[in-house]
Ligand code: PRP
């Protein structure tokens, strides 16, 4: 049987995803910094890709399946089949600012973020003018250094915000980690994907 192709994100989700797959009998070892490997059962060919690139790989069908957060799916603007929600990596996308700062009303807010699409949507839906400053990471530094008044970023424990004198103004959305599929790949490999979902405990 041909292995299903699955993209998993490097970075903070990687260890949790690897442990989760291993727990379900799909353990995988990447030797010598290789970025692709087949799991011990031979059912999955797994590619380690940068989180923000993962939707691109699945969209083009290079990986038929992917494990990724709602934040990254929404930012990509692409459509996928949502096969399952994983019991790991839940977090929140939040608007935050230095302690005591109010929600910007009727004035232009300068917001540092790597979530440009979702930031634009959120402010436009509320009719609040916004100047978005795109950063790749460490956005919690921006208010202290005077680059922006607000940030929009993921908050998990809240310790990064607290350590940088910031607090949540509002939670924009809850973020969950999903198993997604390329729509054409899902149709062509429905039986094998159904079996995988069964192995993962979803059916
Ligand atoms: C993420 C996120 C926050 C932090 C939140 O960063 O961007 O900075 O984790 O976690 P906490 O609420 O538990 O402190 P990550 O470490 O993934 O690196 P990044 O700066 O590259 O996004």
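Numbering (the numbering used here), first residue to last: 8 to 210.
For each residue, glycine too, the CB sits at the ideal point set by N, CA and C.
Assumed close pair residue i, residue j - CB separation to whole angstroms, cut-off 8 angstroms
i	j	result
residue 11	residue 175	Between residue 175 and residue 11 the Cβ distance is about 38 angstroms, and since that is not below 8 angstroms, they are no contact.
residue 32	residue 48	6 angstroms
residue 156	residue 79	The pair is not a contact, with the Cβ atoms about 25 angstroms apart (cut-off 8 angstroms).
residue 188	residue 37	Actually they do not touch by this definition, with Cβ atoms about 23 angstroms apart.
Where residue i falls, given that 16 or more other Cβ within 10 Å makes a residue buried
i	result
residue 39	exposed
residue 197	exposed
residue 153	exposed
residue 46	buried
residue 71	buried
residue 143	exposed
residue 30	exposed
residue 203	buried
residue 136	exposed
residue 170	exposed
residue 102	buried
residue 55	buried
residue 195	exposed
residue 110	exposed
Beta-carbon proximity of residue i to residue j, cut-off 8 angstroms
i	j	result
residue 186	residue 150	no
residue 91	residue 209	yes
residue 53	residue 15	yes
residue 13	residue 73	yes
residue 139	residue 127	yes
residue 99	residue 184	no
residue 182	residue 76	yes
residue 81	residue 125	yes
residue 85	residue 66	yes
residue 147	residue 167	yes
query: Counting only runs that start and end within the stretch 112–189, where is the alpha helix (DSSP H) found for 4 or more residues in a row?
result: 123–132, 149–152, 166–170
- prompt: Is there contact between the stretch 60–74 and the stretch 119–136, where contact requires at least three CB pairs shorter than 8 angstroms?
  reply: no
task: Go through the stretch 10–56 residue by residue and report every complete run of the alpha helix (DSSP H) that reaches 4 residues or more, in order.
output: 21–30
- prompt: Counting Cβ pairs closer than 8 angstroms, one from the stretch 20–31 and one from the stretch 76–95, do we hit at least three?
  reply: yes
- request: Scan the stretch 57–113 and note each continuous beta strand (DSSP E) run of 3 residues or more that stays entirely inside, going in chain order.
  value: 72–76, 88–92, 98–105
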